[in-house]
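Below: the structure, in structure tokens.
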Amino acid sequence: MDLGLETIVLVKPETYESMGKIAADGYFKAEQRVLSAIKGGLIDRGEEQLRAKTGFVSENLPDESPTRTEFSMDGIDFGLVTNVKVINPPYQTAFEKITGFLEVLVNDRQQGVRKDNVRTYDKQPFVEMDYLMWNALWYLSRVTELGVENKFERIAAPAELDESLERLAIPTELMRDFDIEKPGAAKLWYQARRFYDDVSATAVAPFKDELVERTGVTKEEMPDETQKYWEQVENYLFVVQSIPSPRRQAGKAINRLYMIPQKTKPKGSTALPVVPGPENYQQLLEDYRPILPASLKKWKNLDGNIGELVVFH
């Protein structure tokens, strides 16, 4: 078939078999000529447009969660599920707000300012838990929001679209300012997505995995600082960076001290989640009371024994 000048043809690179020139050539061909050509402007953009067809965003929450949306395009059936979730604030910002509140209490005490909610035991100041929680949750609830997560639950395409592709033909008129609503665009998006996943799995991922394995670094023995490892493959020189990723200490402190446990939503419930705040956290704790003993049995062995803090609440 003569595709003419109005069609771009991407050819699937060689499948990775062993480290060497063929594998390195295939890796660069996949990354620079194939994947980069269809990732942002076609696959990601089309996925964003498909998710938007639910009509739900953070500024327009559904009345129920989960909520399902189904539609068909180019003979492909799409099923999306929208879940409303609590979007946590940047932990460091929230942590600094709460720390600032505690510093004010300490400074007031040093200057002789006395508050009913701050008591002295063994010459050390202690703040009443209810007073601390009220203020901490006042900060947290002001920067915590409800948002939506639109996920693909089902994509069913005709059998011929699931056949293995050795090459992908892309009409340039569909690539220009990609719009999933154009005839044939949904079909192209589906095939491009499958082609991308296939090339990533056969030519890119195994090559990268081999380079990482050659560094000898594991998650259990990460270096204290960022390290670079050089690996030469024929005429190519690769650098692999090992970047330690410490756990967020601010997030750990907030979750362990101020997180309000809530009952698991009953199966089949479509109620939206609740953002704990100074006006409702006592009721949330009271609602949780009946299942607290069972939860403590699970929590007592977790990192940090957070169950003790929940009892303190």
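In case it helps, my numbering puts the sequence shown at residues 534 to 846. C-beta: ideal position from N, C-alpha, C; glycine also.
Under 7 angstroms Cβ to Cβ from residue i, same chain only, skipping five residues before and after it: list those, please.
{"i": "GLU764", "result": "LEU744, ARG747, PHE771 and VAL773"}
{"i": "TYR791", "result": "MET666, ALA669, LEU670 and LEU673"}
{"i": "ILE631", "result": "ALA669 and TYR672"}
{"i": "ARG652", "result": "PHE659"}
{"i": "VAL590", "result": "VAL681"}
{"i": "LYS796", "result": "ASP820, TYR821 and ILE824"}
{"i": "THR587", "result": "THR602, LEU613, THR615 and ASN683"}
Since residue i and residue j are thought to touch, with beta carbons under 8 angstroms apart, how far apart are those beta carbons, to the nearest angstrom?
{"i": "PRO599", "j": "VAL614", "result": "5 angstroms"}
{"i": "PHE728", "j": "GLY579", "result": "Incorrect: roughly 13 angstroms between the Cβ atoms, too far for contact."}
{"i": "VAL619", "j": "PRO811", "result": "No, VAL619 and PRO811 are not in contact; Cβ-Cβ is about 16 angstroms, not under 8 angstroms."}
{"i": "ALA563", "j": "VAL750", "result": "Contact doesn't hold; Cβ gap of about 24 angstroms is too wide."}
Once you ignore the five residues that flank residue i on each side, which residues in its own chain have a CB closer than 8 angstroms to its CB?
{"i": "GLU550", "result": "ALA556"}
{"i": "ILE609", "result": "ILE688, ALA689, ALA690, PRO691, LEU694, ALA719, LYS720 and TYR723"}
{"i": "ILE576", "result": "TRP722, ALA725, ARG726 and TYR729"}
{"i": "LEU568", "result": "TYR729, VAL732, SER733 and VAL737"}
{"i": "GLU686", "result": "ARG601, GLY612, LEU613 and VAL614"}
{"i": "LEU698", "result": "LYS545, GLN724, ARG727, PHE728 and ASP731"}
So, is residue i buried or exposed, given that buried needs 16 or more other C-beta atoms within 10 angstroms?
{"i": "ALA848", "result": "Absent from the model: residue 848. The displayed extent of the chain is 534 to 846, so no value can be given."}
{"i": "GLN724", "result": "buried"}
{"i": "GLY717", "result": "exposed"}
{"i": "ARG675", "result": "exposed"}
{"i": "LYS656", "result": "exposed"}
{"i": "ILE776", "result": "exposed"}
{"i": "ARG490", "result": "No information on residue 490 is available, as it lies outside the stretch 534 to 846 that the chain covers here."}
{"i": "VAL883", "result": "For residue 883 there is no data in the structure shown, the boundaries of the chain being 534 and 846."}
{"i": "TYR654", "result": "exposed"}
{"i": "PHE893", "result": "Look at the range of the chain in this structure, 534 to 846, and you will see that residue 893 is not part of it."}
Output needed for residue i: all residues of its chain with C-beta closer than 6 angstroms, excluding positions within five of it in sequence on either side, in chain order.
{"i": "ARG642", "result": "PRO658"}
{"i": "GLU597", "result": "THR803"}
{"i": "PHE634", "result": "ASN668"}
{"i": "LYS554", "result": "GLU767"}
{"i": "VAL542", "result": "ARG700 and ALA702"}
Using a threshold of 6 angstroms, is the CB atom of residue i nearer than that to any non-hydrogen atom of the ligand NAD?
{"i": "ILE824", "result": "For the ligand NAD, the structure offers nothing, since it holds no ligand at all."}
Does DSSP put residue i in a helix, in a strand, or in coil?
{"i": "THR797", "result": "coil"}
{"i": "GLY810", "result": "coil"}
{"i": "ASN838", "result": "Model confidence at ASN838 stands at a pLDDT of 49, short of 50, so the residue's coordinates are unreliable; what they give is reported in the following sentence. Coil."}
{"i": "GLU597", "result": "coil"}
{"i": "VAL844", "result": "Confidence is the limiting factor: at VAL844 the pLDDT is only 37, short of 50, which leaves the residue's position unreliable, though a coordinate-based value still follows. In this structure, VAL844 counts as helix in the three-state DSSP scheme."}
{"i": "ALA692", "result": "helix"}
{"i": "THR748", "result": "helix"}
{"i": "GLU605", "result": "Inspection of the sequence shows that residue 605 is occupied by Ser rather than by Glu. Here SER605 sits in strand by DSSP."}
{"i": "ALA702", "result": "strand"}
{"i": "ASP710", "result": "coil"}
{"i": "ASN788", "result": "helix"}
Which complete beta strand (DSSP E) runs does the stretch 753-780 hold, if anything under 3 residues is left out?
The stretch 753-780 contains these whole beta strand (DSSP E) runs: 760-766 and 769-775.
To test your reading of the DSSP string, which unbroken alpha helix (DSSP H) runs of 4 or more residues are found completely within the stretch 718-746?
You should have 718-732.
Alpha helix (DSSP H) segments (min. 4 residues) lying fully within the stretch 535-594:
If one requires a minimum length of 4 residues, the alpha helix (DSSP H) runs lying completely within the stretch 535-594 are 554-561 and 578-585, in chain order.
List in chain order: all unbroken beta strand (DSSP E) runs of 3+ residues lying wholly within the stretch 628-687.
If we require 3 residues or more, the beta strand (DSSP E) runs fully inside the stretch 628-687 come out as 651-654 and 657-660.
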